[in-house]
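Peer 1: Just passing along the structure, written as structure tokens.
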Amino acid sequence: MRRLILVAVTALLASCASRQPLVVKQSTLRDTVVDFSQDPMIRGEKLRRLHGAIGVNEQAQRLGQYYTVIWNDEAVGTPAEIVFEYQQGATGSRVKKQTRTFDPSATTGQTEFSIIGDNYTKGGKVLAWRISLHRGGREIASQRSYLWQ
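Positions -19 to -1, 1 to 130 (mature numbering (1 follows the signal peptide of the UniProt record, and there is no 0)) are the ones given, in order, by the sequence shown.
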């Protein structure tokens, strides 16, 4: 009986553990050819990104890099803001920025940043990036690539 109680308490505490405030998932779509001998997860991601693109030109506009951001911040009252800063191969040291804002009552969310189409083909691939979560003018958490300075 003690063992059962110990297992139940451990499971309860593990389920109550706080989540990471910021998780970044990256994916790159390099070509439009769907190879059914590929890993099913990679194939599924490629099919999801190409879904709805009818012609070859539309599919080519989907090539590039995608960053999915999952955030968690229990504070409320001011809008949450996700800021994506990045440098591309053809733009030198210039830092580009994209921003997403969420409702003040939101405590969790998911958003996606994409460098695709002409931005990807002319600007080049993303070499360094930084994604940060802000609320009330204060940085809550951030993730960055190895090359970000």
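Where is the CB? At the ideal position from N, CA and C, for every residue including glycine.
#1: Can you tell me which of the three DSSP states ARG(-1) falls into?
#2: I need the straight-line Cα distance from GLN69 to ASP12, nearest angstrom please.
#3: Is the beta carbon of PRO85 sitting closer than 8 Å to the one on GLY58?
#4: Out of ARG116, ASN38, GLY45, which one is the CA nearest neighbour of THR82?
#5: Which value, in whole angstroms, describes the spacing of the CA atoms of THR92 and SER113?
#6: Consult DSSP for LEU108 and reduce its assignment to one of helix, strand or coil.
#7: With DSSP as the reference, please indicate the residues paired to GLN83 in a beta bridge.
#8: Could you please give me the residues that DSSP links to ALA122 through a beta bridge?
#9: Can you tell me which of the three DSSP states LEU10 falls into?
Peer 2: Straight from the coordinates:
#1: As a working note, residue -1 is residue 19 in the sequence shown. Correct three-state label for ARG(-1): coil.
#2: Mapped onto the sequence shown, residue 69 falls at position 88. Mapped onto the sequence shown, residue 12 falls at position 31. C-alpha separation (whole angstroms): 19 Å.
#3: The residue labelled residue 85 in the question sits at position 104 within the sequence shown. The residue labelled residue 58 in the question sits at position 77 within the sequence shown. PRO85 is a Cβ neighbour of GLY58, given a cutoff of 8 Å.
#4: Indexing the sequence shown from 1 puts residue 82 at position 101. For THR82, the closest C-alpha among the options ARG116, ASN38, GLY45 is that of ARG116.
#5: For this step, residue 92 is matched to residue 111 along the sequence shown. For this step, residue 113 is matched to residue 132 along the sequence shown. So the alpha carbons of these two residues sit roughly 12 Å apart.
#6: Indexing the sequence shown from 1 puts residue 108 at position 127. DSSP places LEU108 in strand when its eight states are reduced to three.
#7: Position 102 of the sequence shown, counted from the first residue, corresponds to residue 83. The sequence shown places Phe at residue 83, not Gln. According to DSSP, PHE83 bridges with ALA61.
#8: Position 141 of the sequence shown holds residue 122. LEU114.
#9: By one-based count along the sequence shown, residue 10 stands at place 29. Reduced to three states, the DSSP call for LEU10 is strand.
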